[in-house]
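My numbering puts the first residue of the sequence shown at 5, with every later residue one more than the last.
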Amino acid sequence: MLPGRSGWEDVSASRPRRILIADPDRDVSELFGRVIRGIGHKPLFRTPARLEAEAPPDVDLLLLEPALPGALQLAQALRARRPNLPIVCASVYEPTSPAVGYLLVLQPLAYLLKPCPLAELQNALEFALAIATTEPGASH
Numbered sequence: 005m006l007p008g009r010s011g012w013e014d015v016s017a018s019r020p021r022r023i024l025i026a027d028p029d030r031d032v033s034e035l036f037g038r039v040i041r042g043i044g045h046k047p048l049f050r051t052p053a054r055l056e057a058e059a060p061p062d063v064d065l066l067l068l069e070p071a072l073p074g075a076l077q078l079a080q081a082l083r084a085r086r087p088n089l090p091i092v093c094a095s096v097y098e099p100t101s102p103a104v105g106y107l108l109v110l111q112p113l114a115y116l117l118k119p120c121p122l123a124e125l126q127n128a129l130e131f132a133l134a135i136a137t138t139e140p141g142a143s144h
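Below, the structure is given as structure tokens:
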């Protein structure tokens with residue numbers, strides 16, 4: 005269970021955060037993008053065809069389908085630039101599934117099973133951004 009908005013700093017009051025969505029389903033990505041815009045942040049999209057492209061700079065959070073081919077490499081490339089980059093996973097697979105067996109390496113701050121309630125996604129994103137904002141050495 006993730007804390008609701010009242011239990012955490014309101015990160016939407018600061019500058020809009022750039023949240024990279026890496027999901028193979030365009031409809032899911034668009035829906036997640038609407039949630040991100042709704043809480044005052046900027047969604048960036050990464051499709052399977054674009055995973056090989058250089059990861060965008062200045063990403064504040066990665067929203068990742070861990071079963072996406074290339075997902076681990078994308079996360080590692082982003083973490084090479086920003087070691088404490090918060091990751092939220094949203095997957096059709098249980099976290100113990102072999103399809104996402106490398107998940108422990110990523111240490112996501114939240115793991116959601118799709119389909120998930122949008123309020124749950126919003127809480128997970130706000131939680132991860134609040135944690136990232138309070139980390140020592142956070143560059144926000």
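By construction, the Cβ of each residue, glycine as well, lies at the ideal position given by its N, Cα and C atoms.
According to DSSP, residues forming a beta bridge with residue i
i: A94; result: L116
i: L82; result: Answer is none; L82 lacks a bridge partner.
Distance between residue j and residue i (C-alpha atoms, nearest Å)
i: P73; j: L125; result: 22 angstroms
i: Y115; j: L35; result: 17 angstroms
i: L129; j: V92; result: 7 angstroms
i: L82; j: L89; result: 7 angstroms
i: A94; j: L113; result: 11 angstroms
i: R30; j: P99; result: 22 angstroms
i: A79; j: R85; result: 10 angstroms
i: I135; j: L24; result: 17 angstroms
i: Q111; j: L133; result: 15 angstroms
i: A26; j: Q77; result: 12 angstroms
i: A123; j: V32; result: 15 angstroms
i: K118; j: V96; result: 5 angstroms
i: D62; j: R22; result: 7 angstroms
i: G37; j: T51; result: 13 angstroms
i: P60; j: P87; result: 15 angstroms
Host alpha helix (DSSP H) of residue i (start-end)
i: L108; result: L107 to L110
Limits of the unbroken beta strand (DSSP E) element including residue i
i: L24; result: R22 to A26
- Whole runs of the alpha helix (DSSP H) within the stretch 28 to 74, excluding any shorter than 4 residues: 30 to 42
- Taking 8 angstroms as the threshold, find out whether the stretch 34 to 48 comes into contact with the stretch 73 to 91 through three or more Cβ pairs. No contact exists between the stretch 34 to 48 and the stretch 73 to 91.
- Item | Validate contact between the stretch 36 to 44 and the stretch 96 to 116 using beta carbons, cut 8 angstroms, 3 pairs | Between the stretch 36 to 44 and the stretch 96 to 116 there are fewer than three inter-stretch CB-CB distances shorter than 8 angstroms, so the stretches are not counted as touching.
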